[in-house]
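Every position in the sequence shown, counted from 1, becomes a number in this note's numbering once 160 is added.
Single-structure report; data block below.
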Amino acid sequence: FHFYPQEPVSGESEEENNGVNLMEFSDEILLHILSYVPCTDLVLNVRRTCRKLATLCLDKSLTHTVVLQEDYKVNNDKVKQLMRDIGKEIYQLNMAGCYWLPSSTIDHVTRCKNLVKLNLSGCHITSLRLSKMLSTLQHLRSLAIDVNPGFDASQLSSECKATLSRVSELKQTLYTPSYGVVPCCTSLEKLLLYFEILDRSREGFILSGQLMVGESNVPHYQNLRVFYARLAPGYVNQEVVRLYLAVLSDRTPENLHAFLISAPGSFAETGATKNLLDSMARNVRLDALQLPKAWINGSGLLQHLKFNNPFYFSFSRCTLSGGHLIQRVINGGKDLKSLTSLNLSGCVHCLAPESLFRKAEDYIDSSILESLVVSCCNLRHLNLSAAHHHSSGSIGDHLCQLLSRLKHLLSLALPVCSITDVTANVEKPPTASHLVPQTFGKKVRIGIQTYPRNLADQANQKIESSVFWALMGSLRCLETLEIIGSSFSSAMPRNEPAIRNSLPPCVLAQSVGDSEVAAISQLTYLQSLTLAQLPNILTGSGLINIGLQCQHLRTLSLANLGMMGKMVYMSALMDMLKHCKCLRDLRLEQPYFCAGAQFFQALSHCSSLQRLCIVSRNGTLQSDAVMSFMASCLEVIMCHMFMGESLTVCKNLQQSVVRSFQADRPALNVVIFPLLHEDLTEVIRDVPMRHLDEITLFKSRVAEEPPNLWW
Numbered sequence: 161f162h163f164y165p166q167e168p169v170s171g172e173s174e175e176e177n178n179g180v181n182l183m184e185f186s187d188e189i190l191l192h193i194l195s196y197v198p199c200t201d202l203v204l205n206v207r208r209t210c211r212k213l214a215t216l217c218l219d220k221s222l223t224h225t226v227v228l229q230e231d232y233k234v235n236n237d238k239v240k241q242l243m244r245d246i247g248k249e250i251y252q253l254n255m256a257g258c259y260w261l262p263s264s265t266i267d268h269v270t271r272c273k274n275l276v277k278l279n280l281s282g283c284h285i286t287s288l289r290l291s292k293m294l295s296t297l298q299h300l301r302s303l304a305i306d307v308n309p310g311f312d313a314s315q316l317s318s319e320c321k322a323t324l325s326r327v328s329e330l331k332q333t334l335y336t337p338s339y340g341v342v343p344c345c346t347s348l349e350k351l352l353l354y355f356e357i358l359d360r361s362r363e364g365f366i367l368s369g370q371l372m373v374g375e376s377n378v379p380h381y382q383n384l385r386v387f388y389a390r391l392a393p394g395y396v397n398q399e400v401v402r403l404y405l406a407v408l409s410d411r412t413p414e415n416l417h418a419f420l421i422s423a424p425g426s427f428a429e430t431g432a433t434k435n436l437l438d439s440m441a442r443n444v445r446l447d448a449l450q451l452p453k454a455w456i457n458g459s460g461l462l463q464h465l466k467f468n469n470p471f472y473f474s475f476s477r478c479t480l481s482g483g484h485l486i487q488r489v490i491n492g493g494k495d496l497k498s499l500t501s502l503n504l505s506g507c508v509h510c511l512a513p514e515s516l517f518r519k520a521e522d523y524i525d526s527s528i529l530e531s532l533v534v535s536c537c538n539l540r541h542l543n544l545s546a547a548h549h550h551s552s553g554s555i556g557d558h559l560c561q562l563l564s565r566l567k568h569l570l571s572l573a574l575p576v577c578s579i580t581d582v583t584a585n586v587e588k589p590p591t592a593s594h595l596v597p598q599t600f601g602k603k604v605r606i607g608i609q610t611y612p613r614n615l616a617d618q619a620n621q622k623i624e625s626s627v628f629w630a631l632m633g634s635l636r637c638l639e640t641l642e643i644i645g646s647s648f649s650s651a652m653p654r655n656e657p658a659i660r661n662s663l664p665p666c667v668l669a670q671s672v673g674d675s676e677v678a679a680i681s682q683l684t685y686l687q688s689l690t691l692a693q694l695p696n697i698l699t700g701s702g703l704i705n706i707g708l709q710c711q712h713l714r715t716l717s718l719a720n721l722g723m724m725g726k727m728v729y730m731s732a733l734m735d736m737l738k739h740c741k742c743l744r745d746l747r748l749e750q751p752y753f754c755a756g757a758q759f760f761q762a763l764s765h766c767s768s769l770q771r772l773c774i775v776s777r778n779g780t781l782q783s784d785a786v787m788s789f790m791a792s793c794l795e796v797i798m799c800h801m802f803m804g805e806s807l808t809v810c811k812n813l814q815q816s817v818v819r820s821f822q823a824d825r826p827a828l829n830v831v832i833f834p835l836l837h838e839d840l841t842e843v844i845r846d847v848p849m850r851h852l853d854e855i856t857l858f859k860s861r862v863a864e865e866p867p868n869l870w871w
């Protein structure tokens with residue numbers, strides 16, 4: 161397209177110079193095109209090209225909502241100019257994750273007098289600055305902020321509290337024990353709480369869950385419709401969330417329709433929480449539910465809770481059996497057509513009739529899954545990971561055959577062993593790869609089976625007849641897929657030292673490898689792919705198919721594929737990356753990974769890449785190759801590498817990258833550090849939460865939260 165008509169070049173006919181003039185399109189079409197351009201570019205650049213675009217770029221449809229989230233090129237000057245030019249026209253402003261902008265720049269939000277929704281999660285702002293800002297935003301109804309150490313609610317002015325009293329939606333991320341601004345929000349209808357409080361301070365002092373002096377004000381929950389709490393590991397987070405829940409246990413809001421608590425590990429039920437749940441069972445009808453596993457296991461709670469038109473259930477890590485799931489939740493298939501998101505991650509018995517005498521690796525009862533599929537036919541997000549879901553080769557349909565009926569699925573997470581075609585495996589003897597030890601012991605020389613490198617050859621081998629190939633063919637609209645080994649654990653956990661030993665994969669997962677990966681290439685609209693602990697990866701040839709066919713792929717996470725003592729799929733990975741033009745996030749976790757010149761040269765073809773994370777025990781890197789890569793890939797703003805190099809090598813490279821590229825990339829975040837170093841947890845705590853939560857730490861993200869929980 162050209163913004164202006166071009167004069168025909170001498171010697172060319174009009175037919176040969178047939179360029180389309182963008183300005184000839186209607187205003188409606190132009191506005192639709194401009195809606196894909198970042199607002200900063202529209203206001204500061206595009207509108208200066210001609211009079212028509214100057215008018216269109218300031219159209220209310222483009223300035224009503226401004227999203228700076230993921231706009232990593234925005235700097236202090238651009239934000240200030242943007243606020244000066246269109247501040248009064250902005251009604252919704254999303255600056256979530258703009259960790260590189262100083263408080264003095266965030267202050268300019270005060271120019272947006274008509275703001276109704278404001279998201280400042282991940283931004284640096286003190287209680288005094290927050291008070292000054294909110295005092296001017298009298299129309300505000302939705303707010304997202306962080307509460308950091310030093311926050312003092314007594315510094316909030318009366319004008320600020322008046323604004324907060326009108327806020328109906330609040331998202332609050334806590335890094336210190338505090339109520340934050342919750343007591344000031346007397347009209348709350350939606351409350352989202354993220355607890356990220358560490359058990360120890362930087363100086364090593366043990367923190368307490370007791371709130372600061374002057375924070376004994378009681379939250380106002382009488383109008384609450386949605387309560388959501390997500391806890392990071394640590395006992396302090398549990399102590400603080402109990403203080404928030406204490407008020408709910410006294411009086412449960414009549415309009416409550418979503419109650420969600422995501423807590424890792426053990427979070428014991430108390431008398432207060434039991435009273436709360438009993439009150440909920442008597443007084444409310446829910447549309448969304450998630451509870452800590454200890455609150456559900458062994459209790460008859462689900463039998464008494466009432467549901468209206470549920471759209472989200474999460475029973476992650478619960479010992480809920482399939483029999484209870486069908487009887488107490490699905491209720492014989494009644495009123496479950498509304499369910500769009502279901503998280504059964506870590507529910508090892510959820511597809512078995514009972515759990516009392518069952519082993520986790522026993523065969524599933526396909527009739528239970530069939531009831532689930534029939535009752536919840538409109539599911540869009542389903543997580544069955546972190547469990548052994550083994551299909552029998554003789555009784556009932558295979559898990560993949562049943563899931564293929566869910567035509568509306570957009571995201572799916574499965575354990576590796578669940579996609580094994582048991583019938584096919586019985587017919588053929590185990591390959592040599594099955595005999596390869598999955599440990600770091602002495603290398604074993606084996607014959608490498610030659611795998612096809614294109615779909616035509618694979619068709620000749622008839623892998624399309626597998627149940628997993630058929631599943632991928634039936635879910636053509638799938639956007640997110642996770643295939644994760646049921647015993648996989650990342651070498652880099654949250655608040656602990658790196659894991660030195662990994663558990664072996666499930667026996668039934670031993671045959672899953674290149675052909676299954678190739679089947680994924682049928683997902684034309686795939687945007688996010690996670691593969692972890694696939695033992696039978698021999699060459700990685702299926703990755704090339706994905707690179708060629710899945711042209712919308714934006715996020716790729718690969719972990720512990722093939723033999724653990726050697727990076728067997730490096731050649732295929734490099735071929736794949738040459739085709740991934742839309743890839744933005746890449747996470748690789750593989751022992752003995754060599755991040756050298758060839759790898760980074762291949763990665764340089766990913767012109768849209770923004771974030772890179774490599775986790776490799778005993779892995780090596782070439783500093784010159786890293787520097788060349790950063791110089792050629794101008795969009796990269798996050799580089800996290802946790803390898804086997806020395807502390808000196810890591811520090812020198814990190815300093816070189818920051819010194820060379822920070823000035824031109826304000827959002828640049830670089831962490832290069834030895835994976836097994838004792839200070840790793842201290843380094844991790846300084847990583848912006850946006851990167852830490854979305855890419856650096858490995859986890860299953862399918863149905864992790866209800867869809868559209870926050871804008």
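Backbone N, C-alpha and C fix where the C-beta goes; we use that ideal spot for every residue, glycine too.
Asked, Found
"Continuous alpha helix (DSSP H) assignments of at least 4 residues falling wholly in the stretch 742-792", "757-763, 783-792"
"For H541, the three-state DSSP class (helix, strand or coil)", "strand"
"CA nearest to the CA of I539, picked from E514, V508, L504, G556", "A small correction: the amino acid at residue 539 is Leu; Ile does not occupy that position in the sequence shown. Comparing Cα positions, the closest option is L504."
"Close-in-space but distant-in-sequence residues of the same chain around A423 (CB under 6 Å, 5 per side omitted)", "L391, P452"
"Per-residue burial, E656 [other beta carbons within 10 Å of its own, 16 or more giving buried]", "exposed"
"Residue-level contact to chain C via CB, M723, 9 Å cutoff", "No chain C appears in the structure shown, which is made up of a single protein chain."
"Test item: CB-CB of L569 and L496 under 9 Å", "no"
"Straight-line Cα distance separating Q382 from R411", "8 Å"
"Buried versus exposed, by CB contacts within 10 Å (16 or more), Y196", "exposed"
"CA-to-CA distance, F185 to E854, given in whole angstroms", "39 Å"
"Separation of T433 from S407, as counted between CA atoms", "The sequence as given places Val at residue 407; Ser does not occur at that position. Using only the alpha carbons, I get a separation of about 10 Å."
"C-alpha gap between K321 and C345, whole angstroms", "8 Å"
"Residue burial classification, I697 (beta-carbon count within 10 angstroms, cutoff 16)", "buried"
"K602 to D438 span [Cα, whole Å]", "Model confidence at K602 stands at a pLDDT of 40, short of 50, so the residue's coordinates are unreliable and nothing is read from them."
"Straight-line Cα distance separating E676 from C710", "15 Å"
"Segment limits, beta strand (DSSP E) that includes D447", "445-450"
"Secondary structure of E188, DSSP reduced to three states", "helix"
"Where E864 falls: helix, strand or coil (DSSP)", "coil"
"Counterpart residues of T201 in DSSP-defined beta bridges", "Per the sequence shown, residue 201 should be read as Asp rather than Thr. In DSSP, D201 forms no bridge with anything."
"DSSP state of H417 mapped onto helix, strand, coil", "coil"
"S291 beta carbon less than 9 Å from that of L316", "yes"
"Cβ pair count under 8 Å reaching 3, the stretch 325-338 against the stretch 840-848", "no"
"Cβ-Cβ distance between S741 and C766 below 9 Å", "Per the sequence shown, residue 741 should be read as Lys rather than Ser. Yes, Cβ-Cβ distance for K741 and C766 is below 9 Å."
"Span separating the alpha-carbon of R271 from that of Y251", "11 Å"
"Residue from G633, K567, T640, L462 with nearest C-alpha to V534", "K567"
"Span of the alpha helix (DSSP H) around K292", "287-295"
"Closest by C-alpha distance to L574, when choosing among N274, V862, K466, T841", "V862"
"Classification of I555 by the beta-carbon crowding that lies within 10 angstroms, buried from 16 upward", "exposed"
"Neighbour-count burial assignment, N491, 16 or more Cβ in a 10 Å radius", "exposed"
"Where the alpha helix (DSSP H) containing V211 begins and where it ends", "Contrary to the premise, residue 211 reads as Arg rather than Val in this sequence. Run containing R211: 211-216, per the alpha helix (DSSP H) assignment."
"Alpha helix (DSSP H) segment containing V136, residue limits", "In the structure as shown, the chain starts at 161 and stops at 871, and residue 136 therefore has no counterpart that could be examined."
"Simplified DSSP assignment, three categories, for P920", "In the structure as shown, the chain begins at 161 and stops at 871. Residue 920 is therefore absent and cannot be evaluated."
"R442 (DSSP reduced to helix, strand or coil)", "helix"
"Short Cβ contact (9 Å threshold) for T479 with N457", "yes"
"Any 3 or more C-beta pairs closer than 8 Å across the stretch 266-282 and the stretch 293-302", "yes"
"Beta-ladder partner(s) of P834, from DSSP", "M803"
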